[in-house]
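Notes follow once the structure below has been shown.
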Amino acid sequence: MSMGLSGRGRKGGKRSRRAAMAEINVTPLVDVMLVLLIIFMVTVTLPATGVPIDLPDSRAAPVEEKPDQITVSIDAGGRIFIEDSPVPAGGLPAALEGLRGGDEPPLIVLRADRSLDYGRVMQVMGELGRTGFTSISLVTDGSVSAP
4 MSMGLSGRGR KGGKRSRRAA MAEINVTPLV DVMLVLLIIF MVTVTLPATG
54 VPIDLPDSRA APVEEKPDQI TVSIDAGGRI FIEDSPVPAG GLPAALEGLR
104 GGDEPPLIVL RADRSLDYGR VMQVMGELGR TGFTSISLVT DGSVSAP
């Protein structure tokens, strides 16, 4: 004689198996999505470069960023930075020659402090043009009032 342990063979007994849950718990999904949203919001609002510069104001339309653009910054002291790396005094021509990659030079985004002498900005722009970087965008802060 054998004993039935599963409970199926008993007459009048209760069913021991539970029914499958029909709903999905979305709380963990919502938590993960909110964390990703916060991370995205924080990283988008960070500045593109780490060189602190007081940009001049302008009502110019914003220019679309390109993935292969190179940022050249001139701080209030007149020091030049390519992306976040400082360029030694007199070393701009050599640094620019090292940036030339393919047939077409990349877009140069020039950020210059508002307190700089116009001549200093033109020296850097002249050197950029001399080395073949002719596509240069000047970066400014947005302004609501006309000059």
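For the sequence shown, the numbering used here gives the first residue as 4, with consecutive numbering after it. Idealized CB from N, CA, C, for every residue including glycine.
If you draw a straight line from the Cα of E68 to the Cα of R103, it is about 19 Å long.
Taking each of P59, V66, F84, D60 in turn and checking the Cα distance to T74, the smallest one comes out for F84. With the rule of 3 Cβ pairs closer than 8 Å, the region 31-38 does not count as touching the region 122-134. V45 counts as exposed, since fewer than 16 other C-beta atoms from the protein chains shown sit within 10 angstroms of its C-beta. Within the DSSP secondary-structure output, P89 pairs in a beta bridge with F84. With contacts defined by Cβ atoms closer than 7 Å, D57 and S146 do not form a contacting pair. By the beta-carbon neighbour count (other beta carbons within 10 angstroms, threshold 16), V142 is buried. Of R82, T134, P31, T137, the smallest CA-CA separation from A92 is found for R82. I139 and I27 have their C-alpha atoms spaced approximately 54 Å apart. Taking each of A98, G135, P31, V54 in turn and checking the Cα distance to A79, the smallest one comes out for V54. The C-alpha of P70 lies about 29 Å from the C-alpha of S118. With respect to Q72, V112 sits close: the two C-beta atoms are nearer than 7 Å. For R123, the enclosing alpha helix (DSSP H) starts and ends at 121-133. Judged by their CB atoms, G135 and P108 are nearer to each other than the 7 Å cut-off.
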